[in-house]
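Read the structure below first, then the notes.
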Amino acid sequence: MPPPRTILIIEDDSAIRCGIVDALDFSGYQVIESAEGGSGRLLAIERDYDLLLLDLGLPNIPGLEILRTVRKLRPSKPVIILTAQGEEADRVQGLSEGADDYVVKPFSVKELLARVEAVLRRTTGRPLSVQFNFEHGVLDFERRELRYRDGTRTELSEREGELLRYLVDNSGRAISRDELLASVWQLNPKGISTRTIDMHIARLREKLRDAPERPTTLLTVRGKGYMWMAQLPEANE
Ligand code: CA
């Protein structure tokens with residue numbers, strides 16, 4: 002049996018949120034929840050989940066802003082927006098900013114579950130041909146190469162591409178060597194040396210032109226693992 006899917010829900014209306022949480026839980030999903038924009042955005046960029054249900058009208062940080070952050074840091078993460086009747090402009094804006102689908106309140110639990118399943122079906126394994134900027138240029142997963150601002154380029158091996166992809170998809174979250182072995186190498190981490198990961202990371206840093214003693218792109222998080230630097234929109238350079 003596949004592991005349960007995890008849904009993150011950010012919704013400030015507690016009646017609606019609890020209703021959705023119960024329904025998802027009953028249908029076998031794992032649920033992470035937040036009732037406001039600040040903690041919601043943190044969860045959205047740091048936690049591991051399969052789909053985000055995002056209310057647009059939220060206290061502290063508006064849903065559309067969270068959507069923009071998620072699209073920037075986790076471009077392939079499926080998002081369904083929850084909108085109120087009459088918020089058509091927001092809905093259109095949300096879709097144009099990359100939401101995968103929307104539901105209009107009040108909605109039935111059945112409808113919501115059907116949308117969640119449909120979006121998960123559609124987005125699972127969707128091609129990830131996205132390009133990412135990094136400090137010294139562009140990272141292109143489709144061509145599996147790094148293009149530097151000075152006009153030169155470097156190829157990535159298949160494994161390097163997969164490893165980077167996993168780190169970038171989970172940017173802002175420190176990922177343990179065990180998780181990398183299990184997810185990228187598909188090896189049971191028990192009893193396997195993690196040295197091979199450290200060597201791959203060192204090579205990637207070289208290709209990223211990331212200083213090994215003070216990396217700014219591919220960070221070492223002491224005691225936790227490695228992390229692709231998440232650049233929040235409001236972060237000061
Ligand atoms: Ca709301």
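Going left to right, the sequence shown walks through residues 2 to 238 as the working numbering numbers them.
All C-beta atoms, glycine included, are put in the ideal place defined by N, C-alpha and C.
This one's a predicted model, so the numbers in the text were calculated from it and none came from an experiment.
Mind checking whether the beta-carbon of residue i lies closer than 8 Å to any heavy atom of ligand 1?
i: Ala85; result: yes
i: Asp56; result: yes
i: Glu12; result: yes
i: Leu44; result: no
i: Leu9; result: no
i: Leu113; result: no
i: Leu59; result: yes
Could you pull out every residue in the same chain whose Cβ sits closer than 8 Å to the Cβ of residue i, ignoring the five residues on either side in sequence?
i: Asp51; result: Arg6, Thr7, Ile8, Pro79 and Leu121
Quick check: the Cα distance between residue i and residue j, rounded to an integer number of angstroms?
i: Gln31; j: Ala24; result: 11 Å
i: Thr218; j: Asp26; result: 37 Å
i: Glu163; j: Val185; result: 6 Å
i: Ile1; j: Thr153; result: In this structure the chain extends from 2 to 238, so residue 1 is not present and cannot be described.
i: Ile11; j: Thr84; result: 12 Å
i: Thr125; j: Glu207; result: 32 Å
i: Gly38; j: Val93; result: 20 Å
Looking at C-alpha atoms only, which residue of the options is the closest neighbour of residue i?
i: Pro60; options: Ser40, Glu214 and Ser172; result: Ser40
i: Phe108; options: Gln94, Ile21, Arg204 and Leu220; result: Ile21
i: Gly224; options: Leu113, Glu207, Ile176 and Leu188; result: Ile176
i: Arg166; options: Lys106, Asp13, Leu74 and Ile62; result: Leu74
i: Met230; options: Arg215, Leu53, Gly173 and Thr221; result: Gly173
i: Glu98; options: Ala90, Arg72 and Lys111; result: Arg72
Residues in the same chain with beta-carbon distance under 7 Å from residue i, minus the five sequence neighbours each way, listed in chain order, please.
i: Ser130; result: For Ser130, the pLDDT reaches just 47, beneath the cut-off of 50, and the residue's location in the model is therefore unreliable, leaving the point undetermined.
i: Ile202; result: Leu219 and Tyr227
Leaving out five residues before and five after residue i in sequence, what residues of the same chain have Cβ atoms less than 6 Å from its Cβ?
i: Gly64; result: Leu55, Asp56 and Leu57
i: Gly29; result: Pro5
i: Asp151; result: none
i: Asp102; result: Ile81, Arg116 and Val120
Check whether the region 119-126 and the region 136-149 are in contact - that is, three or more C-beta pairs closer than 8 Å. no
Stretch-stretch touch, CB-based, cutoff 8 Å, three pairs: the region 74-90 with the region 43-60: yes
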